[in-house]
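*Asks:*
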Amino acid sequence: MKKPDTAAKILRAAHRLFDREGADAVTMRRVAEQVGITPMAIYRHFPNREALLKRISDDSFETVAQEWRGRSRQRDTLKRLLATQEKYLDYALAHPHLFDHAFSARRDDARRFPEDFRTRRSPTFNVVADTLAAGMRQGLLREDDPWDVAMTLWAHTHGLIALYRAGRFSYDEAQFRKFYLASIGRLLDGIKA
Numbered sequence: 001m002k003k004p005d006t007a008a009k010i011l012r013a014a015h016r017l018f019d020r021e022g023a024d025a026v027t028m029r030r031v032a033e034q035v036g037i038t039p040m041a042i043y044r045h046f047p048n049r050e051a052l053l054k055r056i057s058d059d060s061f062e063t064v065a066q067e068w069r070g071r072s073r074q075r076d077t078l079k080r081l082l083a084t085q086e087k088y089l090d091y092a093l094a095h096p097h098l099f100d101h102a103f104s105a106r107r108d109d110a111r112r113f114p115e116d117f118r119t120r121r122s123p124t125f126n127v128v129a130d131t132l133a134a135g136m137r138q139g140l141l142r143e144d145d146p147w148d149v150a151m152t153l154w155a156h157t158h159g160l161i162a163l164y165r166a167g168r169f170s171y172d173e174a175q176f177r178k179f180y181l182a183s184i185g186r187l188l189d190g191i192k193a
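Position 106 of the sequence shown, counting from 1, maps to 106 under UniProt numbering, and the rest follow consecutively.
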């Protein structure tokens with residue numbers, strides 16, 4: 001088995017810090033301590049802290065997208081859509097700091113709707129838009145712009161998760177999950193053909 005190179009070790013250490021403590025914890029000094037190198041050595045692999053944080057976010061998006069694509073083998077389009085949104089909730093609850101950084105914090109490098117999404121720059125959003133487009137072609141979903149419908153779906157699920165994480169629900173996690181899935185089901189019922 002191949003030993004991870006220094007860049008991979010840096011990423012893994014930075015990801016662990018990020019996951020446990022948030023973006024502010026990812027300093028070159030702390031990452032270097034975790035890896036056993038000098039802080040200056042990190043700059044051979046990442047030009048600055050922002051590039052390291054962007055790589056962590058990009059890798060996280062790609063990991064989620066791979067899981068979603070794996071679920072795309074499900075034949076039922078509506079079940080496939082529901083599965084992507086459930087995985088989104090799973091991600092948010094398992095990785096709250098990454099979720100907040102990726103979706104709730106203002107970032108200059110964040111993708112913008114509609115141009116970045118319509119040009120397929122979002123690996124996760126592509127899966128949802130493609131699934132919606134397939135459902136529309138199959139006559140299961142009402143004809144509409146799949147990118148706009150994907151944003152509507154995402155805004156709905158993101159809003160529910162943000163409200164839950166902000167303490168606006170009195171539900172425990174199991175109760176919230178049940179409400180969340182039922183709410184998405186109601187939204188999907190509204191776009192059926």
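Just so you know, even glycine gets a beta-carbon here, dropped at the ideal spot from N, CA and C. Here the structure is a predicted model, which is why all the values come from computation and not from measurement.
1. If I'm right that L160 touches S183 with Cβ under 8 Å, what's the distance once you round it to whole angstroms?
2. Hey, is the segment 33–48 in contact with the segment 3–17, meaning 3+ C-beta pairs nearer than 8 Å?
3. Taking Q66 as the reference, which of A51, Y91, R75 has the closest Cα?
4. So residue 197 and A13 are in contact, right, with Cβ under 8 Å, and what is the actual spacing, rounded?
5. Helix, strand or coil: which one does DSSP assign to L140?
6. Express the C-alpha separation of L53 and D100 in angstroms, rounding to a whole number.
7. Is the number of C-beta pairs between the segment 164–181 and the segment 125–144 that are closer than 8 Å three or more?
8. Would you mind reading off the limits of the alpha helix (DSSP H) that contains P39?
*Replies:* Checking against the coordinates, here is how it stands:
1. For L160 against S183, the beta-carbon gap comes to about 6 Å, under 8 Å, which counts as contact.
2. These segments touch.
3. Taking each of A51, Y91, R75 in turn and checking the Cα distance to Q66, the smallest one comes out for Y91.
4. Outside the displayed range of the chain (1 to 193) lies residue 197, so it cannot be described from this structure.
5. Three-state DSSP puts L140 in coil, outside helix and strand.
6. It is roughly 13 Å from the alpha-carbon of D100 to the alpha-carbon of L53.
7. When Cβ pairs closer than 8 Å are counted between the two stretches, the segment 164–181 is seen not to touch the segment 125–144, the count staying below three.
8. Segment 39–42, the alpha helix (DSSP H) holding P39.
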